[in-house]
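To start, the structure under review is shown below, and the notes come after it.
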Amino acid sequence: MDNKSFNLNKKRILLIGATGVLGATYAKALKEEGCRLVIFDHPETNINDFSKELGVKGIELDLLSESNVVKAIEEAFSILGGFDGVINNAAATGELMLKKGNAFSPFEDYPLELWMHSMNVNLTGTFLICREAGKYMKSHGGSIINISSTYGFLAPDHRIYKNQKFKSMPSYSASKAGVIGLTKWLSTWWAEDNIRVNSVSPGGVFNDHDDEFVSAYSKRTPMNRMANREELIGMILFLLSDLSSYCTGQNYIVDGGYSVW
Numbered sequence: 029m030d031n032k033s034f035n036l037n038k039k040r041i042l043l044i045g046a047t048g049v050l051g052a053t054y055a056k057a058l059k060e061e062g063c064r065l066v067i068f069d070h071p072e073t074n075i076n077d078f079s080k081e082l083g084v085k086g087i088e089l090d091l092l093s094e095s096n097v098v099k100a101i102e103e104a105f106s107i108l109g110g111f112d113g114v115i116n117n118a119a120a121t122g123e124l125m126l127k128k129g130n131a132f133s134p135f136e137d138y139p140l141e142l143w144m145h146s147m148n149v150n151l152t153g154t155f156l157i158c159r160e161a162g163k164y165m166k167s168h169g170g171s172i173i174n175i176s177s178t179y180g181f182l183a184p185d186h187r188i189y190k191n192q193k194f195k196s197m198p199s200y201s202a203s204k205a206g207v208i209g210l211t212k213w214l215s216t217w218w219a220e221d222n223i224r225v226n227s228v229s230p231g232g233v234f235n236d237h238d239d240e241f242v243s244a245y246s247k248r249t250p251m252n253r254m255a256n257r258e259e260l261i262g263m264i265l266f267l268l269s270d271l272s273s274y275c276t277g278q279n280y281i282v283d284g285g286y287s288v289w
């Protein structure tokens, strides 16, 4: 049996959506593992300052622009000379969607514009990154990780959002379900090219939520708590490493058992 390695040193990794709660956590962990890293995020984020702080190349990326995606991936290729791994972590979160309108409208009144924006960022953006990065990866293989959510395969319990300023969005669930479907499709399309494609579905990650929400969410979870952001790192590192060389087409759930009940 081959002696597979967890060593990620000098692996060439692209991280899309690098400045958010989980994205920044992934970026720091990958840098610590010695990866050759290029990070991307929207021009309105602190991508340039964060990349300088981390000591890696940062590229501004608008996932709503096909030409911008093509150009950004080309630039990353010119820097790294190839890609061993890609993490599609960008998402239209509730906080960002509120800048576009009433992101938490009742479904019966949900704006089509907001639905389309979420679908375009979460699903079409993932499609574009996979398409462009995959062109370069076909010659040598690698690992693509698409970030979905428990709400991509499981309906939210709307009761836990009672009295909260935020809600679960229908477009988020639908787009994240699409990410899982796209992942499975690509895993068979690229299997012979040794490109492994998997998705990771995190459960709720604590991000300064109020006590009422934390309590309501925790009661739905066998481990009786929300995730800490660092607890998602292990699955990402595993799927990028050679230890996961026989893993493809799977949706890896990291939710403290939330989806078991």
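If you're matching positions, the sequence shown starts at 29 in my numbering and goes up one per residue. Just so it is clear, CB atoms sit at the ideal spot from N, CA and C, and this is done for glycine as well.
Run the CB neighbour count on Met144, radius 10 Å, all protein chains shown included, and call it buried at 16 or more, exposed below.
exposed
Per-residue burial, Thr216 [other beta carbons within 10 Å of its own, 16 or more giving buried]:
exposed
For Leu271 and Met29, the rounded distance between their alpha carbons:
At Met29 the pLDDT is 42, less than 50, meaning the model places this residue with poor confidence; the figure from the coordinates comes in the next sentence. Spanning the two alpha carbons is a distance of roughly 12 Å.
Which residue's Cα is closest to the Cα of Met147: Asn256, Leu92, Phe241 and Asp239?
Leu92
Helix, strand or coil for Gly113? Go by DSSP, reduced to three states.
strand
Ignoring anything shorter than 4 residues or poking outside the region 120-185, list the alpha helix (DSSP H) runs there in chain order.
122-125, 140-147 and 153-165
Quick one: what does DSSP say Ser199 is sitting in, helix, strand or coil?
helix
Straight-line CA distance for Arg257 to Glu81?
20 Å
Closer than 7 Å by C-beta to Asn252: which residues in its own chain qualify, once you throw out the five before and the five after it? Chain order, please.
Ser246
Proximity winner among Phe34, Gly153 and Arg64, relative to Gly45 (alpha-carbon distances):
Gly153
In three-state terms, what does DSSP make of Leu91?
coil
Are Asn150 and Tyr189 close, meaning C-beta to C-beta below 8 Å?
no
Hey, how far is the Cα of Arg20 from the Cα of Thr73?
As shown, the chain starts at 29 and ends at 289. That puts residue 20 outside it, with no answer to give.
Reduced DSSP category for Arg40 - H, G, I as helix; E, B as strand; rest coil:
strand
Under 7 Å: does the beta carbon of Leu214 sit that close to some heavy atom of the ligand SAH?
Of the ligands one can find in the structure shown there are none, so the ligand SAH has no counterpart to examine.
Proximity of Ile157 and Val114 at Cβ, strictly below 8 Å:
yes
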